[in-house]
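Participant: Residues are numbered in the working numbering as their position in the sequence shown, beginning at 1, plus a constant of 180. Ideal Cβ positions, reconstructed from N, Cα and C, are used throughout, including at glycine. Here it is: the structure, laid out below.
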Amino acid sequence: MLQPYYQNILLEGGCDEAGRGCLAGPVVAASVILPKKFYHPGLNDSKQLTEEQRDLLAPIIKQEAICWKIGICDNNEIDEINI
Numbered sequence: 181m182l183q184p185y186y187q188n189i190l191l192e193g194g195c196d197e198a199g200r201g202c203l204a205g206p207v208v209a210a211s212v213i214l215p216k217k218f219y220h221p222g223l224n225d226s227k228q229l230t231e232e233q234r235d236l237l238a239p240i241i242k243q244e245a246i247c248w249k250i251g252i253c254d255n256n257e258i259d260e261i262n263i
């Protein structure tokens with residue numbers, strides 16, 4: 181994981197995407213802004229977590245997050261407006 185880069189006037193968010201877009205759609209992207217002092221020992225690179233670990237962390241992240249969003253774009257939409 182990247183080291184945090186915090187400034188007093190800025191919020192720092194993390195984001196990730198998965199999928200192959202117009203080749204095999206859909207593409208799913210997610211972003212979250214957590215409080216500066218947030219820590220959970222199980223929170224790490226999502227690709228290294230098991231599905232069970234992700235399922236346990238999701239409600240904690242959603243509850244503690246300043247903001248979070250998930251976006252899904254299918255292959256037809258990607259063909260129409262690009263990625």
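Using the three-state DSSP reduction, which class does E192 fall into: helix, strand or coil?
Facilitator: Reduced to three states, the DSSP call for E192 is coil.
Participant: Do G193 and S211 have their beta-carbon atoms positioned less than 9 Å apart in this structure?
Facilitator: Their beta carbons are under 9 Å apart, which means S211 touches G193 by this criterion.
Participant: On the DSSP letters alone, give me the boundaries of the beta strand (DSSP E) that I213 sits inside.
Facilitator: I213 -> beta strand (DSSP E) spans V207 to I213.
Participant: Using the rule of at least 16 other Cβ atoms within 10 Å of the residue's Cβ for burial, across every protein chain shown, is L214 buried or exposed?
Facilitator: Under this definition L214 is a buried residue.
Participant: Starting from K249, trace the beta strand (DSSP E) both ways and give me its first and last residue.
Facilitator: Residues C247 to C253.
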